[in-house]
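The structure appears right after this line, and notes come after that.
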Amino acid sequence: MGVGKSCLLHQFTDKKFMADCPHTIGVEFGTRIIEVAGQKIKLQIWDTAGQERFRAVTRSYYRGAAGALMVYDITRRSTYNHLSSWLTDTRNLTNPSTVIFLIGNKSDLDAQRDVTYEEAKQFADENGLMFVEASAKTGQNVEEAFLETAKKIYQSIQDGRLDLNAAESGVQHKPASPGRPLAAPPAARDNCAC
Amino acid sequence: MNHDEIKSVVQEKFLSSERVTAFLCDAKVLHPDWVKKDRLLAIVEFGDEKAVFCLFTSCYPPKSFTDLSIEIVLPIDKSFKCEIDNKPSDPEAILYLNLQSRNNKYKFEIQMTPRVDNFVDDLFRGIEAVNNVPTQPEFVWLKKYHGRNDNDILTHTMVLPGGVPHTQSSAPVAIRESLIKHKMSDKEYEYTFTKRFTIFCGTWNVNDKSPVIPLKGWLSIDKEPPDIYAVGFQELDLSKETFLFDQTMREDEWYNAVINYVDKRAKYVKVEKVRLVGMMLIILIKEKHFSHVRNVVCDTVGTGIMGKMGNKGGVSIRFDLHSTSLCFVNSHLAAHVEEYERRNQDFRDICNRTRFIQPNQLPKGIKDHDHIYWLGDLNYRITELDPTTVKKLVNNNDFGPVLEWDQLKQQHKCNNVFAGYIEGDIMFKPTYKYDPGTDNWDSSEKNRAPAWCDRIFWKGDKIVQLAYRSHPSLNISDHKPVSAIFNSAIKIIDEEKYRKVYEEVIKQLDKMENELIPQVKVDRTEIDFGTVQYLELQVRTITITNIGKLPVEFEFIKKLDEASFCKEWLIVEPYKKCICAEETCEIQLKVLINKTSACKMNAGTDKLYDILVLHLYGGKDIFITINGTYQRSSFGCSIEVLVNLNMPIKEVPVGKLIELENKRDQCVSNQSTYSIPKEIWFLVDHIYLHGLKEPNLFEQPGFHSEILQIRDWLDNGSVDPIPGSIHSVAEALLLLLESTADPIIPYNLQSVCLRASANYLQCKQIVMELPEFRKNVFLYLCEFLQEALQHSAENGLDSKTLSTLFGAIFLRDNPNQIQEPQSRINKQVIDKKKAQFVYHFLVNDHSDLIFSR
Numbered sequence: 001m002g003v004g005k006s007c008l009l010h011q012f013t014d015k016k017f018m019a020d021c022p023h024t025i026g027v028e029f030g031t032r033i034i035e036v037a038g039q040k041i042k043l044q045i046w047d048t049a050g051q052e053r054f055r056a057v058t059r060s061y062y063r064g065a066a067g068a069l070m071v072y073d074i075t076r077r078s079t080y081n082h083l084s085s086w087l088t089d090t091r092n093l094t095n096p097s098t099v100i101f102l103i104g105n106k107s108d109l110d111a112q113r114d115v116t117y118e119e120a121k122q123f124a125d126e127n128g129l130m131f132v133e134a135s136a137k138t139g140q141n142v143e144e145a146f147l148e149t150a151k152k153i154y155q156s157i158q159d160g161r162l163d164l165n166a167a168e169s170g171v172q173h174k175p176a177s178p179g180r181p182l183a184a185p186p187a188a189r190d191n192c193a194c
Numbered sequence: 001m002n003h004d005e006i007k008s009v010v011q012e013k014f015l016s017s018e019r020v021t022a023f024l025c026d027a028k029v030l031h032p033d034w035v036k037k038d039r040l041l042a043i044v045e046f047g048d049e050k051a052v053f054c055l056f057t058s059c060y061p062p063k064s065f066t067d068l069s070i071e072i073v074l075p076i077d078k079s080f081k082c083e084i085d086n087k088p089s090d091p092e093a094i095l096y097l098n099l100q101s102r103n104n105k106y107k108f109e110i111q112m113t114p115r116v117d118n119f120v121d122d123l124f125r126g127i128e129a130v131n132n133v134p135t136q137p138e139f140v141w142l143k144k145y146h147g148r149n150d151n152d153i154l155t156h157t158m159v160l161p162g163g164v165p166h167t168q169s170s171a172p173v174a175i176r177e178s179l180i181k182h183k184m185s186d187k188e189y190e191y192t193f194t195k196r197f198t199i200f201c202g203t204w205n206v207n208d209k210s211p212v213i214p215l216k217g218w219l220s221i222d223k224e225p226p227d228i229y230a231v232g233f234q235e236l237d238l239s240k241e242t243f244l245f246d247q248t249m250r251e252d253e254w255y256n257a258v259i260n261y262v263d264k265r266a267k268y269v270k271v272e273k274v275r276l277v278g279m280m281l282i283i284l285i286k287e288k289h290f291s292h293v294r295n296v297v298c299d300t301v302g303t304g305i306m307g308k309m310g311n312k313g314g315v316s317i318r319f320d321l322h323s324t325s326l327c328f329v330n331s332h333l334a335a336h337v338e339e340y341e342r343r344n345q346d347f348r349d350i351c352n353r354t355r356f357i358q359p360n361q362l363p364k365g366i367k368d369h370d371h372i373y374w375l376g377d378l379n380y381r382i383t384e385l386d387p388t389t390v391k392k393l394v395n396n397n398d399f400g401p402v403l404e405w406d407q408l409k410q411q412h413k414c415n416n417v418f419a420g421y422i423e424g425d426i427m428f429k430p431t432y433k434y435d436p437g438t439d440n441w442d443s444s445e446k447n448r449a450p451a452w453c454d455r456i457f458w459k460g461d462k463i464v465q466l467a468y469r470s471h472p473s474l475n476i477s478d479h480k481p482v483s484a485i486f487n488s489a490i491k492i493i494d495e496e497k498y499r500k501v502y503e504e505v506i507k508q509l510d511k512m513e514n515e516l517i518p519q520v521k522v523d524r525t526e527i528d529f530g531t532v533q534y535l536e537l538q539v540r541t542i543t544i545t546n547i548g549k550l551p552v553e554f555e556f557i558k559k560l561d562e563a564s565f566c567k568e569w570l571i572v573e574p575y576k577k578c579i580c581a582e583e584t585c586e587i588q589l590k591v592l593i594n595k596t597s598a599c600k601m602n603a604g605t606d607k608l609y610d611i612l613v614l615h616l617y618g619g620k621d622i623f624i625t626i627n628g629t630y631q632r633s634s635f636g637c638s639i640e641v642l643v644n645l646n647m648p649i650k651e652v653p654v655g656k657l658i659e660l661e662n663k664r665d666q667c668v669s670n671q672s673t674y675s676i677p678k679e680i681w682f683l684v685d686h687i688y689l690h691g692l693k694e695p696n697l698f699e700q701p702g703f704h705s706e707i708l709q710i711r712d713w714l715d716n717g718s719v720d721p722i723p724g725s726i727h728s729v730a731e732a733l734l735l736l737l738e739s740t741a742d743p744i745i746p747y748n749l750q751s752v753c754l755r756a757s758a759n760y761l762q763c764k765q766i767v768m769e770l771p772e773f774r775k776n777v778f779l780y781l782c783e784f785l786q787e788a789l790q791h792s793a794e795n796g797l798d799s800k801t802l803s804t805l806f807g808a809i810f811l812r813d814n815p816n817q818i819q820e821p822q823s824r825i826n827k828q829v830i831d832k833k834k835a836q837f838v839y840h841f842l843v844n845d846h847s848d849l850i851f852s853r
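Chains as they are written, first to last, in the UniProt record's numbering: chain A, 1 to 194; chain B, 1 to 853.
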């Protein structure tokens, strides 16, 4: 049983909960177009295999991500304990401007909770991560987590922290005169790793 | 030549069953190195199949189909892609159309005209339709449209989607926007309801008069005040100044008069007012509706003197009311009885030249509206009837016989003008020409027949005309004013329902887009090869099934910082292929541990484990795990390790073997078990005892199966005699010598040996300095070979052949050294030198070397 990365992605792209979701053996791939500040942004989300044996391979996918969503399971402390090593990997293999969002999944299983909100919140604050508890099952906070990540990326672009011209910014901009019906507004890519 | 005429010429280029559904003129084909001008793009439909054609036009406009030649054919199939961009330097006027079908990509430059909208819409309809059917269309009908050698598009039956890794894919948002628009308009009925509006349209040629009389009898005689007023005037001012400078006091006079005399029971506000010389159009709307009016734009077209002056022509105002687009046109067409053709032309010119320019949108024409109301002094007359008869009939209100000779009715019937428009029945007297100030027919010498010059037409769904009449009491002009009341259905968006439908559409598109991501099923992602032995090929198969709707191209890709997508001992066939929808592909995975990989396995620097990344272009990656246990063998061990093994290698613990391999440089004689590896001794001894007289010794190959048995005999240890024929044993010996981790003569000494090859003494010197166990093996083998040569009469050996064979084994080329592309001759020279080196030791007595130990 995993922490629920694929289920979060599925909930976000299809608005459905995928019960009995098999282990991801590889890197799945989903897209959705969202609107941030009136701009259409295409999120490209990579959902990587979480099993330890694939860790060396999944490292290749961090490069060029504009954002990363790191997921643990609030009902299993072991998944929470692993976060710092995942975070180290993420920081080492992405840009300094990559937005990292921490998600405590399975918030619907509050009775089996093994990690308190406060503890995780403190970890997130100490490491400068955005944080939310979500449930891929009920859909609670799923939309928010992805949208907030996208917003933060968009902000980084606006502030000039993320350089669109850098090959590994993870964001592609389609130049166009805005509003023209046949033109393409900016597209963004957002990766999900962990 | 108008659009429809060109279209019929283009249509002639094709069969009648192949319908041209849209086309664009003045396109260019762009290529990094050249530009082809004067191209025409057409979408052609045959049954359910569509294709885009690019035609060269030898003259413009093309007068016959012979002026067109087909250059490019792009079938709209599942591989078809379309991306639209604005030209960065001129985004308002030029679009780039990137079309891709099968393996062909083209970039076209097109002019931004209102036609582009239609063309692109049609294109997307085609793309959508083809992606909604499960099977790939065949496009048999296209086969006749391309040359045998050039652009042989249909011979590329294999469909390759994109071929761009998904990190670079950027599904064009423009297409999506257009799709959303298209889908939303399909579902319009789900989120709109209609409300009826009454619209007053009035037209009056005021013949250069000021509004000196009240207009109430024209504008305000109905039971209910209308929701919208559209009031058009002609000949507001006939002065030269107005004509030349387009300025007149009358504009305000008449505007104020209209404001003063509209129905007082409702409050009206101005939507827009537009004037060109003497033509003016005023639109008023009830104040309560004003907030639902959007995108008000007007335009004027002069068709008068020189075809462009404003003494004749049309003025138009367009706006959106709720979600219905309305267009009002007030026109004054060419005068004179016989000039009806000119009037038809004026109509067409106004249609073609009216452009409503809105920021950030394609310009709209008159026809691009849901409702069109066209009023004005259209100036069509009565012909073929003499004035007296006309006057007699109309005075008796017997309009029928006269209207039969009305030029406009006749031209309208032939679709020469106002095609698609409707006019209500005329139940009023002709509105022209009167003696001003009276209701009397024109008494001037010209004695013209009275005519219905002033008319109102409309076009659009759900429009009902409630009244169509003239107002004779307003008699200051030589024309009488005319008006019509319409009851028109205006579409209103239910915001809540709209949002729901919109969300549904977006969700559907998101789903579609995610479904179009390549999907495959791999029957297993973990492959266990079990026990793998030296030189024994093992094969496993995985099956990839394309469960998506599009062809999928897969490729095994490299992992981060790795040179190859898999380990050297693994062969993947095919490693890259395209699978059509619902088809499967078998991939063979072959493991073969040869001399190169065996050394690494023995030394523990590699193991039978790998993760392959199976990448789908435009889609996900699948990890395939390869696993197995390598059974260690004396083949691939270093000589220094073998001399230390006093038991069969199978009985040596793995850890011990790795330890020995890693310490092989420190191996010294006094601690070692043997002076040469026992495996070499077994094989040599066997040949010595049983095979020295064997014909073709070392030249006839052994059997692979026997060689494997010999390998097992050596590795497992046995009391039985060595299995297999002499030839198999001889080959096993060669393989064993060839597979040792380090060659018998170290790589770093090779060049020295080659240089010394002509000089026996020098060669001897080098051999003296070889690492101890290698020197032992070298001399032992040379002694043995000399013995074998004693029996050359039986075994057919000669020293030349043997020295060539063993030269290549003793002096192995370093596989890790990047080999310079050796010329064939150079390689021959080196091989010769290697042989020469060994030759000395096969023909000379070197027992002194042995005894020097």
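Even glycine gets a Cβ: it sits at the ideal position worked out from N, Cα and C. For clarity, every value in this text was computed on a predicted model and none was experimentally measured.
Item                                                                                                                                                                                       : Value
How big is the Cα-Cα spacing for V843/B and G655/B?                                                                                                                                        : 43 Å
Could you work out which residues of chain A lie near V613/B, taking near to mean beta carbons separated by less than 7 Å?                                                                 : V57
Express the C-alpha separation of H690/B and Y780/B in angstroms, rounding to a whole number.                                                                                              : 18 Å
Can you give me the Cβ contacts of H322/B inside the same chain, cut-off strictly under 8 Å, excluding the 5 residues immediately before and after it?                                     : K195, H292, I490, K491, I492, I493
My output table needs one value for D442/B: the three-state DSSP class, helix, strand or coil.                                                                                             : coil
Would you report the Cα separation of T21/B and D4/B, rounded to the nearest angstrom?                                                                                                     : 11 Å
Could you check the C-alpha separation between K16/A and K595/B for me, to the nearest Å?                                                                                                  : 53 Å
Is it the case that the region 418–430 of chain B contacts the region 387–404 of chain B, given that we only count it when at least three CB pairs across the two stretches are under 8 Å? : yes
Consult DSSP for F200/B and reduce its assignment to one of helix, strand or coil.                                                                                                         : strand
Run down chain B in chain order and give the residues with a C-beta less than 7 Å from the C-beta of D163/A.                                                                               : Going along chain B, no residue has its Cβ under 7 Å from D163/A, so there is no contact; the nearest lies around 18 Å.
Listed from N- to C-terminal order along the chain, which residues in the region 13–39 of chain A have their beta-carbon within a distance smaller than 8 Å of any beta-carbon of chain B? : T13, D14, K15, I25, G26, V27, E28, F29, G30, T31, R32, I33
Counting only Cβ pairs nearer than 7 Å, list the residues of chain A close to T525/B.                                                                                                      : I25
Is the number of C-beta pairs between the region 227–238 of chain B and the region 380–397 of chain B that are closer than 8 Å three or more?                                              : no
Nearest-angstrom Cα distance between L616/B and G30/A?                                                                                                                                     : 13 Å
By the DSSP assignment, the alpha helix (DSSP H) with P114/B in it spans what residues?                                                                                                    : 114–132
Report the start-end ranges of each beta strand (DSSP E) in the region 198–268 of chain B that is 3 residues or longer and not cut off at the edges.                                       : 228–234
Under 7 Å Cβ-Cβ, which residues of chain B neighbour S60/A?                                                                                                                                : K559, L560
Alpha carbon to alpha carbon, how far is E640/B from P746/B? Give it in angstroms, no decimals.                                                                                            : 13 Å
When you compare the region 310–319 of chain B with the region 275–283 of chain B, are there three or more beta-carbon pairs, one atom per stretch, that lie closer than 8 Å?              : yes
Does K5/A have its Cβ less than 8 Å from a Cβ in chain B?                                                                                                                                  : no
Determine the burial state of E177/B: buried for a count of at least 16 other Cβ atoms within 10 Å of its Cβ, exposed for fewer.                                                           : buried
How should M601/B be labelled, buried or exposed, when 16 other C-beta atoms within 10 angstroms of its C-beta is the threshold for buried?                                                : buried
Considering only the beta carbon of each residue, do D610/B and I626/B sit closer than 8 Å?                                                                                                : yes
What residue does the beta strand (DSSP E) around F46/B start on, and which one ends it?                                                                                                   : 35–46
Does chain A have any CB closer than 8 Å to the CB of E513/B?                                                                                                                              : yes
Along the beta strand (DSSP E) that carries G30/A, what are the first and last residues, could you check?                                                                                  : 26–36
Note down, in chain order, every chain A residue with its Cβ under 7 Å from the Cβ of K620/B.                                                                                              : G26, V27, E28, F29
Using CA atoms only, rank isn't needed, just tell me which of N2/B, R19/B, F14/B, E12/B is closest to C25/B.                                                                               : N2/B
In the DSSP assignment, the beta strand (DSSP E) including F319/B goes from what residue to what residue?                                                                                  : 313–321
Establish whether the CB of D386/B and some CB of chain A are separated by less than 8 Å.                                                                                                  : no
If contacts are defined as beta-carbon pairs under 8 Å, then S672/B and V643/B qualify, I think. What distance do you get, rounded to the angstrom?                                        : 5 Å
Report the start-end ranges of each beta strand (DSSP E) in the region 598–651 of chain B that is 3 residues or longer and not cut off at the edges.                                       : 609–616, 621–630
Would you kindly check if the distance between the Cβ of L660/B and the Cβ of T629/B is under 8 Å?                                                                                         : no
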